[in-house]
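A.B. asks:
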Amino acid sequence: MASAFAQILYSKTFTFLIGDDMIPIVVHSGAIAALSPPLSILLNGPMKEARQNMAEFADLEPEDFERVCEFAYTGGSFTQPKADVFHEGEVNIHEDFFVLHCRLAWITAAALEPRKARLLSHFLCNTFGRVRRSAKDVFTPADYQQVGMVSKESDVDEHRDRHWKEDVATVLLAYARMYVFAEQYLIEDLKKSVMKRLRKYLVELDIFPLTRSGIIDLVRFVYDSDHTFASVEGDALDPLRKTVVEFIVLHLDAFTNFAEHRQLLREGGDYVVDFHDTIRQWLL
Numbered sequence: 001m002a003s004a005f006a007q008i009l010y011s012k013t014f015t016f017l018i019g020d021d022m023i024p025i026v027v028h029s030g031a032i033a034a035l036s037p038p039l040s041i042l043l044n045g046p047m048k049e050a051r052q053n054m055a056e057f058a059d060l061e062p063e064d065f066e067r068v069c070e071f072a073y074t075g076g077s078f079t080q081p082k083a084d085v086f087h088e089g090e091v092n093i094h095e096d097f098f099v100l101h102c103r104l105a106w107i108t109a110a111a112l113e114p115r116k117a118r119l120l121s122h123f124l125c126n127t128f129g130r131v132r133r134s135a136k137d138v139f140t141p142a143d144y145q146q147v148g149m150v151s152k153e154s155d156v157d158e159h160r161d162r163h164w165k166e167d168v169a170t171v172l173l174a175y176a177r178m179y180v181f182a183e184q185y186l187i188e189d190l191k192k193s194v195m196k197r198l199r200k201y202l203v204e205l206d207i208f209p210l211t212r213s214g215i216i217d218l219v220r221f222v223y224d225s226d227h228t229f230a231s232v233e234g235d236a237l238d239p240l241r242k243t244v245v246e247f248i249v250l251h252l253d254a255f256t257n258f259a260e261h262r263q264l265l266r267e268g269g270d271y272v273v274d275f276h277d278t279i280r281q282w283l284l
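To convert, note that position 34 of the sequence shown is 34 in the UniProt record's numbering; the numbers rise steadily by one, no gaps.
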């Protein structure tokens, strides 16, 4: 009997049209069909996609689908998205090269009001599982090594020289699109993997002036999606919505007077409700 991987290699090829430009990407149908029952039906069932040997995923970018394919072929891994860098004319080192709010992994518990410290601990544990804590810092040196993060003792200047002018939206939206795709087609392993990587990226993200717009882009995408469910009284908040709202609240000082965030609040909707509920739960 052929191995599972051999069955993928000998399966028929299938064409996927990706993004607004309908870029064709041809892969083995067995790799994608094995990701979930809905995808198996899409590729092998009675619908027109199976008959035409072609399907459209307009909500993904080609790079997103490349990562989905990588996940399918490797059985669980994919290349991390990389941030674009703003052009020189889009940045001003005198206005943009300073940290508005330190990354969550480096915040000391002693520096926070007790309720906010509990929210931080909650966020980190949901990201990494249970980690040891010292009285002074949220993470001990052993924790940094355990979860594969850059510690405070690393070359901070080199790290920040590189990241202050990055457009983090390119990374955040790539993760969000993959998460929504996994939610839509019930690919639980991919959804868990994407969420874990997104949360780790957020935990290690210093908030520079230019960083904030990328975060707001993420919030808008998450709350505009048809595949992240709205909160209902007494029900759990959608995991992706919960992640972005808690992240904003943890960095509230950096967003309180930020025009794009204030505009988001003026528009009302589910985000305002979830933002209010999260503040009431953790900070009041």
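Yeah, the Cβ is synthetic: ideal placement off N, Cα and C, and Gly gets one too.
1. If you count every other CB in all the chains shown that lies within 10 Å of the CB of residue 214, and 16 or more means buried, which is it?
2. Starting from the N-terminal side, write out each stretch of the alpha helix (DSSP H) that is 4 residues or longer and does not extend beyond the region 25-102.
3. Distance check for residue 248 and residue 60, CA to CA, integer angstroms please.
4. Leaving out five residues before and five after residue 168 in sequence, what residues of the same chain have Cβ atoms less than 6 Å from its Cβ?
5. For residue 26, count the other beta carbons within 10 Å of its own beta carbon; 16 or more makes it buried, fewer makes it exposed. Which is it?
6. So what's residue 12 in DSSP terms, helix, strand or just coil?
7. Is the beta carbon of residue 17 closer than 8 Å to that of residue 32?
8. Going by CA-CA distance only, name the one from 262, 273, 259 that's closest to residue 242.
9. In this structure, what does DSSP give as the bridge partners for residue 17?
10. Could you tell me which residues DSSP puts in a beta bridge with residue 207?
11. Thinking just about the alpha-carbon of each residue, which of 259, 217, 98, 244 is nearest to the one in residue 127?
12. Counting along the chain, where does the alpha helix (DSSP H) carrying residue 164 start and finish?
13. Please classify residue 284: is it buried, with 16 or more other beta-carbons within 10 angstroms of its beta-carbon, or exposed?
14. Buried or exposed for residue 93, please, with buried defined as at least 16 other CB atoms from any protein chain shown within 10 angstroms of its CB.
C.D. replies: Taking the coordinates as given:
1. Burial check for residue 214: the Cβ neighbour count within 10 Å reaches 16 or more, so the residue is buried.
2. Fully enclosed alpha helix (DSSP H) runs of 4 or longer: 29-33, 37-44, 48-52, 62-74, 93-96.
3. Their Cα atoms are separated by approximately 25 Å.
4. Beyond the five residues adjoining it in sequence on each side, residue 168 comes within less than 6 Å, by CB distance, of 83, 211, 214 in the same chain, given in chain order.
5. Residue 26 comes out exposed.
6. Judged by DSSP in its simplified three-state form, residue 12 adopts coil rather than helix or strand.
7. Their beta carbons are not under 8 Å apart, which means residue 32 does not touch residue 17 by this criterion.
8. Of 262, 273, 259, the residue nearest in Cα terms is 273.
9. Residue 17 has 24, 56 as its beta-bridge partners, per DSSP.
10. Per the DSSP secondary-structure output, residue 207 pairs in a beta bridge with 101.
11. It is 244 whose Cα lies nearest to the Cα of residue 127.
12. Careful: residue 164 lies outside any alpha helix (DSSP H) and carries neither H nor E.
13. Exposed is the call here.
14. Exposed, by the Cβ-count rule.
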